[in-house]
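Note sheet for the following structure.
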Amino acid sequence: MRRYGAFLVEDEAYRSHEADLTDSDGTRVDEEGTVLRDGVAVGLEVEGRAVVGFPTPSRRLELHSQTMHDWKWAEQTMPGYIKSHVHADEMDAAKGQMVLVPTFRLPTLIHTRSANAKWLYELSNTNPVWIHPSDADRLGIAPDSLVRLETSIGHFVNRAWVTEAIRPGVVACSHHLGRWRLFDDVGTDRWASARVVRETTPGGAVRFRRVEHIKAFDSSDPDSRRVWWTDGGVHQNLVFPVQPDPVSGMHCWHQVVRVGPASADDRYGDVVVDTRRSMEVYKRWMEQTRPAPGPGGLRRPRWFARAVKPAPETYIMEEPVDGGG
Amino acid sequence: MQYGFVIDHDNCIGCHACTVACKSENDVPVGNFRTSVKYVEEGAFPAIKRHFLVQRCNHCTDAPCVTICPVNALEKREDGIVDIDRDACIGCRACMQACPYDAIYLNEDMGAVEKCHFCAHRVEQNLEPACAVVCPTNAIIAGDFHDPESKVSLLVRGNPTKVRRPEQGTSPNVHYKGAADITLQPGRASRPDTYLFSQRPPAKPEPWPSQLPTVKDARVVLDVGHKVEWGWPVALYLLTKSIAAGVAVLAPFATALGISGWRSSIFPELTALVFTLITLVLLVEDLARPSRFYRLLTRPNWNSWLVKGGVILGAFTALTSIILLLRVAGAHGVADILRWPNAILALFVAGYTAFLFAQCKGRDLWESRLLLPHLLVQAILCGSAVLLVVSPVEATVLTWILLGSIVAHACFCLLERHGHHATANAQQAAAFLGTVRLWDIPALWAGYIVLALGAVSAISGIPFSCAIAVLIGLYCYEHAYVRAGQLPPLS
Amino acid sequence: MSKSGTPLPVIELETYPPVETWDDVTDLDPAAWPRQVERHSMLVPTTCFNCEAGCGLMAWIDPETQKIRKLEGNPHHPGSRGRNCAKGPATLNQVEDPERILYPLKRVGERGSGQFERVTWDEVLDDLAGRMRTALLEERHDEIMYHVGRPGADGYMDRVLRSWGVDAHNSHTNVCSASARVGYALWSGADRPSPDHANAKFILMLSAHLETGHYFNPHAQRIVEGMNAGAKMCVIDVRLSNTASRADWWLAPRPGTEPLLLLAMAHVLLEEELYDRDFLERWVNWKDTLAFLDPEAKPDFDVFIEALKKHYAFATPEAAAEECDVDADMIREVARAIGEAGPAFATHVWRSAASGNLGGWQVSRCLQFLVVLMGAVGTEGGTNPNSHNKFVARPFDNPPPQKRWNELLYPPEFPLAYHEMSFLLPHMMEEGRGRIDTYFTRVYNPVWTNPDGLMWEQLLRDESRIGVHAALTPTWSETAQYADYVLPMGVGAERHDLLSQETHAAKWISFRQPVLRVARERMGDPVEFTWQANPGEVWEEDEFWIELSWRIDPDGSLGIRKHYESPYRPGEKITIDE
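These protein sequence lines are chains A, B and C, in that order.
For the first sequence, our numbering assigns the number 1 to the initial residue and increments by one for each residue that follows.
For the second sequence, our numbering assigns the number 1001 to the initial residue and increments by one for each residue that follows.
For the third sequence, our numbering assigns the number 2001 to the initial residue and increments by one for each residue that follows.
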């Protein structure tokens, strides 16, 4: 099989929830048609046939989630709508606040692992901030001019890509780009990274400022002398505070940002961050959480997936948590 | 057979897999592409679309690159593939001017041009081109258009398809299904200074001439760059060749024009010879592989006006040398008679470039019918300016010839710049003619002004400054003309 | 036509040389062309490592120089079917990158000072193994952490970590897909969707799978197939992606309002009776739901439907139009088109709105609601739970689960998180929640990738909080600048992994293999370790972990060593092939 590199295990894999429950030893069927073993649902009876169903506590698709209910989210058991942290109510358009969508990807790059791929970088080497002409006009931002995007912990300076291809009120910046290195000889590949200096501003924040664009360089590959692009884009993630979703734990990537023309002291590629404010934002988001233990003193619902699942007894919390851990 | 592609833009997702697979298969140097994907956005939010166009060699049935190549390095194979023999190529880049699709680039390491050759090395092994194999959505279909049952033939028969720039008469063999018109018409969509996720390659820095109309809300947002391949050596070649030809054309009339002594007998041929040699040096030095210029002789393509021009220049050099030798030998009578055929030869020297430029199917401005008479006028202008230097002050006929030439040249300039041009490409080039700069001054205007100074000098009887002004003024124009012709986008 | 007048068969060109010839494929050297210079290549299949899709690659290897000439696709790969995106062939750049780290490096100056020296793999292994042994002996198990950005394999690392008895697996999931996973998992227990685009009649995407994302290339192939067969597509995205540009409907709602937009479609499906009644009755926990919605109601399906309509009465297209800024008629139009597609309704959300917003897990929950309403779960042209279409191989010897719960990974504040609260590590450590002695990052660049990267930079520079940081990486990164050890690991063509992904309605397995090593084996010149065949001393993690584990427990007293003994050669160390 290694000769072929890959093989098909099963084709046309459909309706696997209808597969027969092969191991029916010690099971019983309750009045709802649920197949139980030791009180735990292991399948469903459908038209007189025991089938596996879905790997949920009810073996059914759960429109109402008792798990959510039991774990202190009673108002969120059904598919519903939670107002986002970037909801219009949270923003002041008069102050130039907009939503930044910082996550979109390009067809040609790989997260942060393509700095070593010259054929990809010659195709994709900038990540300007997409902004609709109506917003650009309102904020006094000319095409290609420098813009400053401020978050609650810092700001970055990038170029404006004034475009009809985005909804008004939203700015967007692709990820992948804005790679940097501190040193000439080691650090992110020179195909892709600008050299920066790390400085402390008079206000005590940290500023990364570009001191050298991408440029052609000598190497064993003659193509490195042919590098014609100089930009490489701007790093944005540094200025995002952590925003953990209290349920999923997801970092909520969208940012409320204040968008405006760059100031006279701003330089393309500037990234300024004040980590003293980082912890404040972190604590504010942590206040939204509803900590374990859940039912039975558990750390986590047993049926939830967990990476490298530990022994069952570890699920039981030894002592209640008082918030700070 | 006629191999070719159908590019199905109903399927294309603009992912650039073809671009990179081609680079890998053919080891294409960074900055150059044998195939690439252009993005064009059209419309306003929310009614906006992003269109793609996969661009590469069209393996034309009537391939202008094959016709112009002086050394037969480009070949239309029996299977229809237009292939390049890089070992044979001398790097004159005429094919890059001939190609209406910007499909050819110069591999600077090799000093030879390259382009999509349908992965001929794979086809020999019965394998599809690398781009067709990699395409995630089967948007690139390769096959034989002469086989009526091949996939490509069926696609073209069963669907509306288009080709790029059909007006160029090349009969392209890349057919586009589902491509938006805006992507197929170079210059219709505007081009911002930067692109969607890439810098714009800095190859052609000239801004888009403001008088050229573009479609509202249509922008090219991703494309590769193409360099201006012919620069100052070509502009200077036009000038030196005009000098050489001009003095030789006027030489039979030297005495009648009031020139006497050695100035009349030796100077014209000596000048012609010197400037012809400079012309030849410029031509050879501008090759990417100058040491291979001899291939013009060893493997000539008689359809190419580069070869015909070379023969004309060679014959002119020979006859001019013979005339000079006869003078040295004292055989003035024969030399005087030979001036007449040499003058006719000189007209060919001056004018053959019109036929060469007409073979540059990628440069519509250069295909203008005005070019031949204009080149002849330029030769007379240069010849009269140079001869005026060695003429007596009262050489009024020559002065009138010069002034007449200046006026005629200016008329041609105005016609090229403001006259009617049939194609969009020529119209764009004509507009660029007004914007090209030389030493940061608008070159066309510099040319007008300096030539006017030349005219004033001539009238004031300062022949030396007149000649200098005429030559500089004409160079300004040649620079603008050569560059502007190459500035309009072909994609 | 032939001379005799009979039509000649159509001869189309082939895409790949037949598999029988792969040991010795003759082709013509493109560099010499048009001179026809024959050359010989050995073709070795492997798996791309440049995203998680696991597409097939085929290395063309020069048997003489033992160099990779190019990487094409693998025609026998069920997911990618011989086709790739731009990132597949670009793997060659990564192999040949002149900037590449070829040997293990050890920091010599201060952390982050950019000064490194070359060391041997033995030095690296002995130092790290010694530290880890001490930590394990001192019961400081939670001070060992393995933090992976791009896993690229299924399951192998779980086994290694379990053998050490540590709860140490940290990941990148919470900056990537945690919310989408929760929304899906709450429905069906499976945390990813596997849409059957090729057979769909309607495709609803909250992502840009014609150009990016998991699993862009395999999905793009099948979306286009589906659309060519008549499927309609709606894309919900705030910006015009290439995918949105190809869609029949592009809806660009206010960011964060996507769940309401989807609920409005559900509202239309319910009100206009377009849902699959039998499916809901059979497979959905409607009785529990009804008991929740109306504890007094009798368990009757029609009553349930009425209760459901009442519950979602607020989500009218007009209300959504107001909140989302999307035309109400268009919402109705899309919903009705979904209704027409019936169970052939394929959907996907991966990152995008789900990853962007507070409560983003409701995006996938609401999207899957539409799928469930249409009975499009696990159907032809529908949306499978990923567990249907992903094959997970079982290792030969599975150590018992660890008896520890590391609260730096799963802190009590987030009992429902999918998964580790990776990106909060510096903030939690700033609060004094723990210390790390030995920190492995693997294909992970938190300084750059994670939010608040400066907190990571400060953490990684602080030797009192992180004892030693070994960055296992195929390429330099912002994070590697701050590491104590920079350990070069192979790219897709230089390592072993087993991989399966839910790219479509099938299950497959793909082998990632170090192609130069395989080539040498085929030529009768095997090597002991993959780094001996790779460029420089670029290793692969799997062998690294075996060697490390072997040295952590030199005498077997920690009970680790036994998990790395050959099943065939008792007492001896297992090899990667075994």
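All C-beta atoms in this analysis are idealised placements derived from N, C-alpha and C, irrespective of residue type, glycine included.
According to the DSSP secondary-structure assignment, Ser2194 (chain C) is paired through a beta bridge with C:Asn2384.
The distance from the Cβ of Asp2278 (chain C) to that of Ser2352 (chain C) is about 32 angstroms, inconsistent with a contact at the 8 angstroms cut-off.
In chain order, Lys1241, Ser1242, Ala1245, Gly1246, Val1249, Leu1375, Leu1376, Gln1378 and Ala1379 place their CB closer than 8 angstroms to the CB of Ala1350 (chain B), counting only its own chain and leaving out the 5 sequence neighbours on each side.
Taking the CA atoms as reference points, Lys1076 (chain B) sits about 13 angstroms from Pro1172 (chain B).
Taking a 10 Å sphere around the C-beta of Met98 (chain A), we find 16 or more other C-beta atoms and assign the residue as buried. Taking 8 angstroms as the Cβ-Cβ cut-off, the segment 1192-1208 of chain B approaches chain A at Pro1192, Asp1193, Thr1194, Tyr1195, Leu1196, Phe1197, Ser1198, Gln1199, Pro1201 and Pro1202, given in chain order. Met2233 (chain C) is bridged by DSSP to C:Ile2203.
The residue among B:Arg1122, B:Gln1359, B:Asp1193 and B:Leu1444 with its C-alpha nearest the C-alpha of Pro1064 (chain B) is B:Gln1359. Taking a beta-carbon distance threshold of 8 angstroms, Asn2074 (chain C) does not count as an interface residue toward chain B.
DSSP, reduced to helix, strand and coil, places Leu2013 (chain C) outside both helices and strands of the structure shown, so it counts as coil. Boundaries of the beta strand (DSSP E) around Leu2499 (chain C): Asp2497 to Leu2499. When DSSP assignments are scanned along the segment 2345-2371 of chain C, the uninterrupted stretches of alpha helix (DSSP H) that are 4 or more residues long and fall wholly within it turn out to be 2352-2356. Residues of the segment 2016-2029 of chain C with a Cβ closer than 9 angstroms to any Cβ of chain A, in chain order: Val2019 and Trp2022. Between Ser65 (chain A) and Leu2186 (chain C), the CB-CB gap stays under 8 angstroms. Closest by C-alpha distance to Arg276 (chain A), out of A:Gly232, A:Gln255, A:Val206 and A:Gly39, is A:Val206.
In the DSSP annotation of this structure, Lys2298 (chain C) is not part of any beta strand (DSSP E), being labelled neither H nor E. Here the alpha carbons of Glu1229 (chain B) and Tyr1481 (chain B) stand approximately 13 angstroms from one another. Taking the C-beta atoms as reference points, Phe1197 (chain B) is found nearer than 8 angstroms to Thr126 (chain A).
Against chain B, a Cβ distance below 7 angstroms from Lys2070 (chain C) picks out Ser1024 and Glu1025.
Taking the Cα positions, Gly1187 (chain B) is about 32 angstroms away from Met1110 (chain B). In the DSSP assignment, Asp2027 (chain C) forms a beta bridge with C:Arg2039. For Gly2381 (chain C) against Ala2417 (chain C), the beta-carbon gap comes to about 33 angstroms, at or over 8 angstroms, which does not count as contact.
In this structure, the straight-line span from the alpha carbon of Val171 (chain A) to that of Ala305 (chain A) is close to 35 angstroms. When beta bridges are read from the DSSP output, Asp11 (chain A) appears opposite C:Ala2506.
Contact between His1059 (chain B) and Gly1080 (chain B) holds, since their C-beta atoms are separated by about 6 angstroms, short of 8 angstroms. Under the Cβ distance rule, Gly294 (chain A) counts among the residues neighbouring chain C, one pair being separated by less than 8 angstroms. Per the C-alpha coordinates, the member of C:Glu2457, C:Gly2152 and C:Val2515 positioned closest to Arg2111 (chain C) is C:Glu2457.
Uninterrupted beta strand (DSSP E) stretches at least 3 residues long and entirely within the segment 2208-2260 of chain C occur at 2232-2236 and 2249-2251, given in chain order. Using a 10 angstroms sphere on the CB of Met1001 (chain B), the tally of other CB atoms stays under 16, which defines it as exposed. Excluding sequence positions up to five before and after Ala2231 (chain C), its CB lies within less than 6 angstroms of the CB of Ala2200, Lys2201 and Ile2203, all in the same chain and listed in chain order.
Interface annotation for the segment 2403-2423 of chain C against chain A: Lys2403, Arg2404, Trp2405, Glu2407, Tyr2410, Pro2411, Pro2412, Glu2413, Phe2414, Pro2415, Leu2416, Ala2417, Tyr2418, His2419, Glu2420, Met2421 and Phe2423, criterion Cβ-Cβ distance under 7 angstroms.
Sequence-distant Cβ neighbours of Ala1429 (chain B) in its own chain, meaning closer than 6 angstroms and more than five residues away, are Leu1365, Ala1484, Gly1485 and Pro1488.
The Cβ of Thr1137 (chain B) sits closer than 8 angstroms to at least one Cβ of chain C.
Counted as a single uninterrupted DSSP element, the stretch harbouring Arg267 (chain A) is not any beta strand (DSSP E), since DSSP gives it neither H nor E. Around the beta carbon of Val197 (chain A), fewer than 16 other beta carbons lie within 10 angstroms, which makes this residue exposed. Annotation for Ser114 (chain A): no alpha helix (DSSP H) segment contains it, and DSSP assigns it neither H nor E.
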